[in-house]
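**Student:** Counted the way mature numbering (1 follows the signal peptide of the UniProt record, and there is no 0) counts, the sequence shown spans residues -19 to -1, 1 to 119. Glycine residues also receive a C-beta, built at the ideal position from the N, C-alpha and C atoms. Remember, predicted model here, so these are calculated numbers, not experimental data.
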Amino acid sequence: MLSLNSFLASALLLATAFAGPIPAADAAPAALEKRQTTCGSKNYDRNDITLALNAGCKHFQAGTTVSGYPHKYNNYEGFEFDVPGPWQEFPIIDNKAYTGGSPGADRIIFNEYCEVAGEITHTGASGNAFVGCSGTST
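1) Give the straight-line distance between the Cα atoms of A6 and A86, rounded to the nearest whole angstrom.
2) Would you mind giving the Cβ-Cβ distance between T18 and E96, rounded to the nearest angstrom? I have them listed as a contact below 8 Å.
3) For S48, which residues from the same chain have a beta carbon less than 6 Å from its beta carbon, with the 5 sequence-adjacent residues on both sides left out?
4) When you compare only the Cα positions, how much space is there between R88 and Y57?
5) Kindly confirm or deny that the segment 21 to 39 and the segment 61 to 80 touch, where touching means at least three C-beta pairs closer than 8 Å.
6) From which residue to which residue does the alpha helix (DSSP H) around A78 run?
7) Under the rule that 16 or more other beta-carbon atoms within 10 Å means buried, what is H40, buried or exposed?
8) If you drop the 5 nearest sequence neighbours on each side, which residues of the same chain put their C-beta closer than 6 Å to that of A84?
9) Counting only the same chain and skipping the five closest in sequence on each side, list residues whose C-beta sits under 7 Å from that of S115.
10) Does T31 come out as helix, strand or coil in the three-state DSSP assignment?
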């Protein structure tokens, strides 16, 4: 009987040694890439991109908006994003997260997993269309 108890104790120790935490189901996946970009003549650093992504993602996951953002981005311009859609757009502004009012010309595009697809701007585009910021192309 002693060897059975020893075997069971060893098996239990071995099983716990290989056990790992299970990720929380409600944990937001990390963005693929948080980078700096230039939209028109405006430079945004990693912090600006991170603030826009986090605010947009938070609203998207909660089903809320601020002045209509985030909202679906249809990609009429045909950008080639590295992450699959559907996509959402949310304003990028300098040194803080967008909280309402004029959204400016620049947007971060992200998918339902809060992965950054790219950054786009109305600056230099015709009408209400967009052109890519640095690193985002058609």
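**Tutor:** Per the coordinate set shown:
1) Residue placement at A6 is flagged as unreliable, the pLDDT there being 40, under the threshold of 50; a coordinate-derived value is accordingly withheld.
2) A Cβ-Cβ distance of about 16 Å is found for the pair T18 and E96, leaving them out of contact under the 8 Å criterion.
3) G81, listed in sequence order.
4) Rounded to the nearest angstrom, the two C-alpha atoms are 15 Å apart.
5) Yes, since at least three Cβ pairs between the segment 21 to 39 and the segment 61 to 80 fall closer than 8 Å, the two stretches touch.
6) Counting along the chain, A78 falls outside any alpha helix (DSSP H), and DSSP gives it neither H nor E.
7) In the assembly as shown, H40 is a buried residue. Its beta-carbon has 16 or more other beta-carbons within 10 Å.
8) According to the sequence provided, residue 84 is Pro. The question's Ala does not apply to it. Closer than 6 Å at Cβ, skipping near neighbours: P72.
9) Residues T18, T19 of the same chain have their beta carbon placed closer than 7 Å to that of S115, with the five preceding and five following residues left out of the count.
10) Residue state, collapsed to three classes: helix.
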